[in-house]
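Notes to accompany the following structure.
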Amino acid sequence: MKFAVVGTGVIGSGWITRMLAHGHEVIATDPGEGAQEAMMAQIQQNWPYAEEMGLAEGASLDNLTFTPHLDEAVKDADLIQENVPEVEEIKASVLKEIDTYARPDAIIGSSTSGIMPTELQEGLKHPERLVVAHPFHP
267 MKFAVVGTGV IGSGWITRML AHGHEVIATD PGEGAQEAMM AQIQQNWPYA EEMGLAEGAS
327 LDNLTFTPHL DEAVKDADLI QENVPEVEEI KASVLKEIDT YARPDAIIGS STSGIMPTEL
387 QEGLKHPERL VVAHPFHP
């Protein structure tokens, strides 16, 4: 299964760590300056905890790719996890962009903790594939 992670801050890096620990391929994207370096530092900090819990066969940091291009990140993904700031206009804009470039059968998870999914689904070509997927962190 191929995963894409859009937004690589604390929550995004947590998702990446979990996906890698389960042996999946992950392509991550974040347009922020220094995002790739900050993401790697966070994952390096998280990785010992993943090792303590037990890694799946094939689990490796080598399964991670970073691109600054959202279209490239999401085009082949089975599951896309969005983790941009909790601002409705930003999330809606990014989700519409994901919806444009993702496969029609890809599932899109949003890390929203307070925006109604129906509000985020407005304007999407495939609103039925958007789900709320927010970890218990922070």
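Following this note's numbering, the numbering of the sequence shown begins with 267 at its first residue and continues without gaps.
Built from N, CA and C at the ideal position, the CB exists for glycine as well.
Which same chain residues end up closer than 7 Å to residue i when comparing Cβ atoms and leaving out the 5 residues on each side of it in sequence?
i	result
H392	D365 and P370
L330	I282, L286, V292 and A294
Q302	F332
P334	T295 and P297
For residue i, count neighbouring Cβ atoms within 10 angstroms of its own Cβ and tell me buried if that reaches 16, exposed if not.
i	result
H290	buried
M305	buried
V398	exposed
Could you pull out every residue in the same chain whose Cβ sits closer than 8 Å to the Cβ of residue i, ignoring the five residues on either side in sequence?
i	result
A487	No statement about residue 487 is possible, as the shown extent of the chain runs from 267 to 404 and does not include it.
E348	V272, G273, K357, V360, L361, I364, I374, G375, S376 and S377
Can you give me the start and stop residues for the beta strand (DSSP E) that residue i sits inside?
i	result
A270	K268 to V272
T295	E291 to T295
Using CA atoms only, rank isn't needed, just tell me which of the options is closest to residue i.
i	options	result
E338	A368, V353 and Q310	A368
V350	E323, K268 and I381	I381
For this session: Give, in chain order, every unbroken run of the alpha helix (DSSP H) that is at least 4 residues long and sits entirely within the segment 299–361.
Result: 301–319 and 336–340
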